[in-house]
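Residue numbers for the sequence shown follow the working numbering, beginning at 9 and rising by one.
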Amino acid sequence: MLNRNSIKNGVIYNLLKKNQHITNMAPKTLEERSASLELTLSKAPNGAVKNGIWIFGYGSLIWNPAIDFIEKRIGRIYGYHRAFCMWTPLGRGTPENPGIMLALDRGGSCNGLAFRVSIEKIEEELKILWSREMALDNYIPTWVKIHTHGKMIFGLTFIINRNHLRYAQKLPTETIAKHLSTAMGELGTSAEYLENLITHLTKLGIIDKSMNDLHQKVTALQNK
């Protein structure tokens, strides 16, 4: 179960460490994650952390943020789109049948949910977020402009690292659907991940046609 306590207790780090001999992917140490976080904060645009910090969620952060926040808003970013473009040989898949996870990839735009963490809790909450999202180098923490409520605010999000082994570049939709419909790991199934996405985007009134089309294909495969 992936939640605030399990993340703080190192569930992701331990899972990666336990299977390092299989995946050849070593998790970042606490010191490495701390250095990455410090570097990211040093690049914050002017005023970005004056009243806390905004985190832009586009995948599981939407339904399972696992961080304490004081405000949330629907928002849109430009220059990136939501895509199943990251292999996961562990959490929701296996090395033999890897699952596929969401990331932001170049081009287009993305509607998601922005969370504001209070200035007093930035350090504590971002440590949790880094334990979750930055256990490897498959993401690049990136400052983006979030358009919400007729305004623009700066926030942090996580972009796919196209140079990482886990990057699944331009896969046919049929291949993505096949893996999503069959892959399963210690944290659950890939199909469940997609189902959660569709359910919560719908609740928020967010329409993502590519995700809806993919969901239909996965459902059809599961019903065969």
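Glycine is no exception: its CB is placed at the ideal position from the N, C-alpha and C atoms.
Residues bridged to residue i [DSSP beta-bridge criterion]
| i | result |
| --- | --- |
| G196 | G193 |
| T96 | G107 |
| W151 | L164 |
| F77 | F77 is not bridged to any residue. |
| T156 | K159 |
| D113 | H89 |
| V125 | I61 |
| C119 | At residue 119 the sequence reads Asn, which differs from the Cys that was named. R84, per the DSSP bridge assignment. |
| Y175 | M94 |
Neighbour-count burial assignment, residue i, 16 or more Cβ in a 10 Å radius
| i | result |
| --- | --- |
| M9 | exposed |
| Y86 | exposed |
| L173 | exposed |
| L38 | exposed |
| G67 | buried |
| M160 | exposed |
| S198 | buried |
| E141 | buried |
| A34 | exposed |
| L164 | buried |
| L47 | exposed |
| P106 | buried |
| P149 | buried |
| T210 | exposed |
| S50 | exposed |
Rounded distance between the beta-carbons of residue j and residue i, thought under 8 Å
| i | j | result |
| --- | --- | --- |
| A56 | I15 | Not a contact, Cβ separation roughly 24 Å. |
| C93 | A176 | 5 Å |
| G120 | G158 | The pair is not a contact, with the Cβ atoms about 17 Å apart (cut-off 8 Å). |
| K129 | D76 | 6 Å |
| L98 | N27 | 6 Å |
| Y6 | R100 | Because the chain spans 9 through 232 in this model, residue 6 falls outside it and cannot be assessed. |
| H208 | I70 | 5 Å |
| L110 | A91 | 7 Å |
| I30 | P103 | 6 Å |
| G60 | I127 | 5 Å |
Unbroken alpha helix (DSSP H) run spanning residue i, endpoints
| i | result |
| --- | --- |
| L229 | 217 to 230 |
| L23 | 19 to 26 |
| T48 | 38 to 50 |
| I63 | Where I63 is concerned, there is no enclosing alpha helix (DSSP H), although the beta strand (DSSP E) it sits in stretches over 61 to 65. |
| N13 | 12 to 16 |
| I136 | 130 to 141 |
| L144 | Counting along the chain, L144 falls outside any alpha helix (DSSP H), and DSSP gives it neither H nor E. |
| I70 | 68 to 71 |
Cβ contact (3+ pairs, closer than 8 Å) linking the segment 134 to 150 and the segment 31 to 49: In short, these stretches touch, since the Cβ pair count reaches three.
The segment 179 to 198 touching the segment 114 to 129, judged by at least three CB pairs closer than 8 Å: Below 8 Å, too few C-beta pairs join the segment 179 to 198 and the segment 114 to 129 to call them touching: fewer than three.
Inter-stretch contact at 8 Å, needing at least 3 Cβ pairs: the segment 152 to 164 / the segment 45 to 65: Touching, yes, given that three or more Cβ pairs across the two stretches are closer than 8 Å.
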